[in-house]
């Protein structure tokens, strides 16, 4: 069913804030009662298009309905199993992703225009499995009071927990606004996946794991002055913190993504094992001297502003049917590798043997990309960046 956001009469097709009610087919001369709205725009006619060639599985719809109700409670803060998720304060800026209220129901969307009193939002639409961008933009104007808050929740899955930790180590750089907005879009997708995929026990386990990993990471030492200090004091402990979250983090992921936590951990472990040895550390120190600064400092800022915009997994966030696939991510790991090595070649004029050493960090991390039955998930390359930049910082 293709039903535009905010136009559904069925609880399954929206983030209904009330208890599930049975969907009723009404006569043409009977108008269902509508919730009041502060929107200035008139409501468009409902459109129903049936492109399905299969019968509807009503048991599946009922299961999705129940999961959707759990997700609504999660968004509203009514469910204790999702107490870690909160909205951020509203920022009046184009491109920000927000959750807003329309006729008593909640929807995610993107701010496209605003003034002092109102905001125009491009709303997402709910399919059976995912919130997606409609083929035609669904823009309406609302009062600012209809906007609940920003969608920005990085702790919800393993990859986002890792990502926030990466950038806490790069506080002097900061995220470019465009990348920040892309990550907000990413958070919408996986926020919905958590609400859909987690049962009550898994939700509780995830809350405990999130609290544990947050404390563990916050207790990590400050970035070390040398690679040896980093390997001894930070590296292996960091992997240990994330390992405690791996199993619980899988609960949010779809079936074809559940390998992701172990893939990240395995890649990090391989890098530490290979490059926290004396000969490798000595080589890193030599490279630092050739560049007259830490190599990580040379490449970090350029990676965010030059390399990341080239990546398929970033560009694909604008697609209606966003998915994680092995081909794109492994391709992006290669793109990331080439971009960073190019930067080092230009700025530091390193010898080929030095560049080969940097290349080997990426090759070690992405070795599983060569396995035919492995699907490498999103943002792995940022984990590889973190390892390479910290090991040579």
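Residue numbers (my numbering): 5 to 397.
Backbone N, C-alpha and C define an ideal beta-carbon position, used for all residues, glycine too.
As the structure is a prediction and not an experimental result, all values here were calculated from the model.
Between the Cα of residue 315 and those of 332, 328, 323, spot the shortest distance and give me the residue it belongs to.
332
Are the region 276-287 and the region 141-152 touching, with three or more C-beta to C-beta distances below 8 Å?
no
By DSSP's criteria, residue 118 is part of a beta bridge. Which residues make up the other side?
123
Please classify residue 97 as buried or exposed, where buried requires at least 16 other C-beta atoms within 10 Å of its C-beta.
exposed
Would you check if the distance between the CB atom of residue 274 and the CB atom of residue 368 is smaller than 8 Å?
yes
Secondary structure of residue 134, DSSP reduced to three states:
Note that residue 134 has pLDDT 48, beneath the 50 cutoff, so the model's placement of it is unreliable and no number is given.
Considering only the beta carbon of each residue, do residue 252 and residue 210 sit closer than 8 Å?
yes
Is the beta carbon of residue 255 closer than 8 Å to that of residue 202?
yes
Output the distance between the C-alpha atoms of residue 113 and residue 185, rounded to the nearest integer angstrom.
12 Å
When the distance is taken between beta carbons, is residue 312 closer than 8 Å to residue 318?
yes
Output the distance between the C-alpha atoms of residue 115 and residue 102, rounded to the nearest integer angstrom.
7 Å
Option nearest residue 347 by Cα separation, candidates 330, 308, 373
308
Residue 284: which of 327, 235, 262 sits nearest, CA to CA?
235
Buried or exposed for residue 189, going by 16 or more other Cβ atoms inside 10 Å?
buried
Endpoints, beta strand (DSSP E) assigned at residue 104
101-106
What's the gap between the Cα of residue 349 and the Cα of residue 371?
24 Å
Closest by C-alpha distance to residue 200, when choosing among 258, 243, 216:
258
To the nearest whole angstrom, what separates the beta carbons of residue 125 and residue 326, a pair I think is in contact under 8 Å?
Incorrect: roughly 19 Å between the Cβ atoms, too far for contact.
Expressed to the nearest angstrom, what Euclidean distance is found between the alpha-carbon atoms of residue 373 and residue 338?
10 Å
Closest to residue 145 by C-alpha separation, out of 121, 138, 99, would be which residue?
121
Name the one or two DSSP bridge partners that residue 153 has.
103
Quick one: what does DSSP say residue 181 is sitting in, helix, strand or coil?
helix
On the three-state DSSP scale, how would you describe residue 109?
strand
Find out if the Cβ-Cβ distance for the pair residue 243, residue 267 is shorter than 8 Å.
no
If you follow the beta strand (DSSP E) that residue 146 is part of, which residue opens it and which one closes it?
143-147
Smallest Cα separation from residue 99: which of 183, 107, 140?
183
Just to confirm, are residue 295 and residue 334 a CB contact at a threshold of 8 Å?
no
Mark residue 356 as exposed unless 16 or more other C-beta atoms lie within 10 angstroms of its C-beta, in which case mark it buried.
exposed
Limits of the alpha helix (DSSP H) - the one that residue 280 falls within:
Counting along the chain, residue 280 falls outside any alpha helix (DSSP H), and DSSP gives it neither H nor E.
Ignoring anything shorter than 4 residues, give me the alpha helix (DSSP H) runs that lie fully in the region 307-345, in order along the chain.
316-319
Suppose the cutoff is 8 Å on Cβ atoms and the five residues either side in sequence are ignored; what does the same chain contact list for residue 345 look like?
359, 362, 363
Taking residue 358 as part of the alpha helix (DSSP H), name the residues at either end of that continuous run.
356-369
Beta carbon of residue 111, beta carbon of residue 118: below 8 Å?
no
Report buried or exposed for residue 181, applying the criterion of at least 16 other Cβ atoms within 10 angstroms of its Cβ.
exposed
Excluding the 5 residues flanking residue 286 on each side, which residues of the same chain have their C-beta closer than 7 Å to its C-beta?
none
Quick check on residue 289: buried or exposed, where buried means 16 or more other Cβ atoms within 10 Å of its Cβ?
exposed
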